[in-house]
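Participant: Here the protein sequences come in this chain order: C and U.
Going by the numbering used here, the first residue of the first sequence is number 38, and it counts up by one from there.
Going by the numbering used here, the first residue of the second sequence is number 4, and it counts up by one from there.
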Amino acid sequence: MSDKPVRGSLIGDGLAQVGALALFLLQVLAALPRSLRHFTETIRQIFFVGAMSLIIIMTCGLFIGLVLGLQLYEVLSRFGSTASVGTVVAIALYRELGPVVTALLFAGRAGTSITAEIGLMRATDQLAAMEMMAVDPLAYVVAPRFLAGIIAMPLLASIFNALAIFGAHLVAVSWLGLDNGTFWSNMTGAVDVWTDVMNGVWKSAVFGGVVTLVATFQGYSTAPTSEGVAYATTRTVVYSSILTLAIDFLMTAFLM
Amino acid sequence: MNADSASSTDALVRIRGLRTRLGAKVIFDGVDLDIPRGRITAIMGPSGTGKTTLLRHMTGQLVPDAGEIVVDGQNLAQLDRNGLFDLRERIGYLFQNSALLTDFSVFENVAFPLRQHARLPEELIRNIVLLKLQAVGLRGAADLMPAELSGGMARRVALARAIVRDPMLLIYDEPFVGLDPIALNQVLKLIRVLNATLGLTSIVVAHELSAVSRVADQIYLIAAGKIAAHGQPQELVRGETDWTRQFFGGEADGPVPFHYPARDYAADLGFTKGRA
Ligand SMILES: Nc1ncnc2c1ncn2[C@@H]1O[C@H](COP(=O)(O)OP(=O)(O)OP(=O)(O)O)[C@@H](O)[C@H]1O
Ligand SMILES: [Mg+2]
Numbered sequence: 038m039s040d041k042p043v044r045g046s047l048i049g050d051g052l053a054q055v056g057a058l059a060l061f062l063l064q065v066l067a068a069l070p071r072s073l074r075h076f077t078e079t080i081r082q083i084f085f086v087g088a089m090s091l092i093i094i095m096t097c098g099l100f101i102g103l104v105l106g107l108q109l110y111e112v113l114s115r116f117g118s119t120a121s122v123g124t125v126v127a128i129a130l131y132r133e134l135g136p137v138v139t140a141l142l143f144a145g146r147a148g149t150s151i152t153a154e155i156g157l158m159r160a161t162d163q164l165a166a167m168e169m170m171a172v173d174p175l176a177y178v179v180a181p182r183f184l185a186g187i188i189a190m191p192l193l194a195s196i197f198n199a200l201a202i203f204g205a206h207l208v209a210v211s212w213l214g215l216d217n218g219t220f221w222s223n224m225t226g227a228v229d230v231w232t233d234v235m236n237g238v239w240k241s242a243v244f245g246g247v248v249t250l251v252a253t254f255q256g257y258s259t260a261p262t263s264e265g266v267a268y269a270t271t272r273t274v275v276y277s278s279i280l281t282l283a284i285d286f287l288m289t290a291f292l293m
Numbered sequence: 004m005n006a007d008s009a010s011s012t013d014a015l016v017r018i019r020g021l022r023t024r025l026g027a028k029v030i031f032d033g034v035d036l037d038i039p040r041g042r043i044t045a046i047m048g049p050s051g052t053g054k055t056t057l058l059r060h061m062t063g064q065l066v067p068d069a070g071e072i073v074v075d076g077q078n079l080a081q082l083d084r085n086g087l088f089d090l091r092e093r094i095g096y097l098f099q100n101s102a103l104l105t106d107f108s109v110f111e112n113v114a115f116p117l118r119q120h121a122r123l124p125e126e127l128i129r130n131i132v133l134l135k136l137q138a139v140g141l142r143g144a145a146d147l148m149p150a151e152l153s154g155g156m157a158r159r160v161a162l163a164r165a166i167v168r169d170p171m172l173l174i175y176d177e178p179f180v181g182l183d184p185i186a187l188n189q190v191l192k193l194i195r196v197l198n199a200t201l202g203l204t205s206i207v208v209a210h211e212l213s214a215v216s217r218v219a220d221q222i223y224l225i226a227a228g229k230i231a232a233h234g235q236p237q238e239l240v241r242g243e244t245d246w247t248r249q250f251f252g253g254e255a256d257g258p259v260p261f262h263y264p265a266r267d268y269a270a271d272l273g274f275t276k277g278r279a
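1) Check whether the Cβ atoms of V180 (chain U) and L162 (chain U) sit closer than 8 Å, and answer yes or no.
2) For N100 (chain U), does the three-state DSSP call read helix, strand or coil?
3) At a cut-off of 7 Å, would you count D162 (chain C) as near ligand 2, judging by its Cβ distance to the nearest heavy atom?
4) Given the structure, does T62 (chain U) come close to ligand 3, in the sense that its CB is under 7 Å from one of the ligand's heavy atoms?
5) How many Å lie between V160 (chain U) and L133 (chain U) at the Cα?
6) Does ligand 2 have a heavy atom nearer than 7 Å to the CB of T55 (chain U)?
7) Pull up the distance between the alpha-carbon of A185 (chain C) and that of H120 (chain U), whole angstroms please.
8) What residues are listed by DSSP as bridge partners for A227 (chain C)?
9) Quick one: give me the first and last residue of the beta strand (DSSP E) that E133 (chain C) is part of.
10) Would V126 (chain C) count as contacting chain U if we go by Cβ distances under 8 Å?
11) Between which residues of its own chain and A6 (chain U) is the CB-CB distance below 7 Å, once the five residues before and five after are set aside?
12) Should L52 (chain C) go down as buried or exposed, given a rule of 16 or more other Cβ atoms within 10 Å for buried?
13) Give me whichever residues DSSP pairs with T44 (chain U) in a beta bridge.
14) Can you say whether Q137 (chain U) is buried or exposed, counting buried as having 16 or more other CB atoms within 10 angstroms of its CB?
15) Please list the residues of the segment 137-168 of chain C that have a C-beta atom closer than 7 Å to any C-beta atom in chain U, keeping them in chain order.
16) What residues in its chain sit with their C-beta under 7 Å from that of M148 (chain U), if we drop five residues either side in the sequence?
17) The alpha helix (DSSP H) that contains Y268 (chain C), what's its start and end?
18) From G265 (chain C) to G53 (chain U), what distance separates their C-alpha atoms?
19) Would you mind sorting D68 (chain U) into buried or exposed? The rule is 16 or more other CB atoms within 10 Å of its CB.
20) Here's a check: name, in chain order, each residue in its chain whose Cβ is nearer than 7 Å to the Cβ of R91 (chain U), leaving out the five neighbours to either side.
21) Compile a chain-ordered list of the residues in the segment 231-247 of chain U whose CB is closer than 9 Å to at least one CB of chain C.
22) Output needed in chain order: residues of the segment 239-272 of chain C with a Cβ under 8 Å from some Cβ in chain U.
23) Any beta carbon from chain C within less than 8 Å of Y96 (chain U)'s own beta carbon?
24) DSSP has R22 (chain U) in a bridge; who is on the other side?
25) Is the beta carbon of I94 (chain U) sitting closer than 8 Å to the one on P178 (chain U)?
26) Under 8 Å between C-beta atoms, does T105 (chain U) make it to chain C?
27) In chain order, what residues of the segment 114-147 of chain U put their CB closer than 8 Å to some CB of chain C?
28) Give the residues of chain C in contact with F88 (chain U), contact being defined as C-beta atoms less than 7 Å apart.
29) If the criterion is Cβ atoms closer than 8 Å, does the pair L173 (chain U) and L203 (chain U) meet it?
30) Apart from the five residues just before and just after D173 (chain C), which ones in its own chain have a Cβ nearer than 7 Å to its Cβ?
31) Restricting to Cα atoms, I'd like to know which of U:A209, U:D35, U:L224, U:F115 is closest to Y175 (chain U).
32) If you check the beta carbons only, do V86 (chain C) and A180 (chain C) fall under 8 Å apart?
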């Protein structure tokens, strides 16, 4: 891979990137069985990416819940249906907002640091050193992070949802005076575990894979310089956000 | 320079007709070289001549444009990834920039190859690692993190990691850089002792002629993409060819260019010919 950014058409570049990413995905999938030998490494990474993103995801979840509660209460009161605030908040969160916003936050928090970490390992020959010790960096470094993303994201999204529902409850019930029983009973009555909750879980698992795949790919194939690592980190946020939103649309349109 | 067939049969590493180009630069232009078993071979040459690249070729990290590389009877071009990894398990490699894993302590860095490839009881791993760290004088530093080491200490830890599995081939890329005279002596002794007692083969890339001539059985001098000279240290130091006279005498003028290929100096500075 050359150090200089290749100048070409935007579409051509984009397609080349997607192709390279798809090839990388195949290599990572092939390395997955071998990476199970290093399963403690996967556990460590789950803890690492999860703990790293927890605070930001909880904070943002709370605020999004507060805002959702306010806006929806105001809008629904025009139709005299404030009783369904809880329902709408929960469905919006489980189906869309939870997985998507968590993925975007995850990309900014955990994705960037995965890219920087692996990029630095590339720049300081640590990946080459592993290869020379007959350890495959795809199995030892990349695959555990990829798995960790897939496992950690649904958990993070659930925490995000919980905090957001708590925030909406705070606004609608504690502040604006909606009846507590109405809030919960309407929500539990209308939200379906399989079509709403599990949809969100699948989505967030896929997004977790997408974000960590992009992050590890950018780190793995970075130009081995500080500038190269900086660019790669930026690209991680940009590409994983775009991919997350695009895949979200496709999954919603065709699978759910 | 072609080695005679008698020595090439017992070469651990045999390279024939190596050609490599990196970017626009020709790095190797027909290199033949033999690393005899059980000996210490030094590879010397001006900075940027491709010594590290040569080591990367020998270990399959970089595929040359042309040429044949045979290591321990195996042609690298015909090895798949598993075959290459099997081979590398028997090679210890000291990187030019140490390349310690920054996440792990000194102890875990040295233990890493053991943990990855052998299921050994923890106590045995501990003993082996401490033994190797003792050999490089850093047993007391076992709990430090790589960021807490000086450059010279990092090199010695990397050296301990390279020898931890008692490989058949040890490759040192500039092992003497950043070592004080005491550590240098210890490392020199270590290289000699390892080679003698374990019966392994060593390749040392280094610039320090005095150090090299104390350990090496033979020296290859690489310059301008070719083997410029080959022989025992005493022979080469006598400086019978232009190449060796210049290189070992440290002179700027001679066949070995000190300058990286460049445009005309005057033109580069903005003076055109004909104007004062
Ligand atoms: N990726 C690359 N692309 C283009 N040229 C490269 C690349 N890597 C190395 N080179 C060139 O290859 C040449 C040989 O590099 P190498 O690192 O093998 O030198 P060396 O002999 O080990 O030098 P030193 O003694 O300074 O370590 C250098 O001139 C360098 O400019
Ligand atoms: Mg070098």
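Yeah, the Cβ is synthetic: ideal placement off N, Cα and C, and Gly gets one too.
Facilitator: In short, the structure shows the following:
1) no
2) Coil.
3) It does not: the Cβ of D162 (chain C) is nowhere closer than 7 Å to a heavy atom of ligand 2.
4) Of the ligands one can find in the structure shown, namely ligand 1 and ligand 2, none is ligand 3.
5) 11 Å
6) yes
7) Answer to the nearest angstrom: the Cα atoms are 24 Å apart.
8) According to DSSP, A227 (chain C) bridges with nothing at all.
9) That residue, E133 (chain C), is in no beta strand (DSSP E); it is neither H nor E in DSSP.
10) no
11) Because the pLDDT of A6 (chain U) is 40, which lies under 50, any placement of that residue in the model is unreliable, and the number read from its coordinates should be weighed accordingly. D37, listed in sequence order.
12) Around the Cβ of L52 (chain C), a 10 Å sphere holds fewer than 16 other Cβ atoms; the residue is exposed.
13) U:I206, U:Q221
14) exposed
15) T161, D162, Q163, A165, A166, E168
16) S108
17) 263-291
18) 24 Å
19) exposed
20) T62
21) Considering only beta carbons, no part of the segment 231-247 of chain U lies closer than 9 Å to chain C.
22) none
23) At least one chain C Cβ lies under 8 Å of Y96 (chain U).
24) Paired residues: U:D32, U:A69.
25) no
26) yes
27) Near chain C, meaning a CB-to-CB distance below 8 Å, the residues of the segment 114-147 of chain U are F115, P116, Q119, H120.
28) A171
29) yes
30) For D173 (chain C), where only same-chain residues beyond five positions count, the Cβ hits under 7 Å are A68, R71.
31) U:A209
32) no
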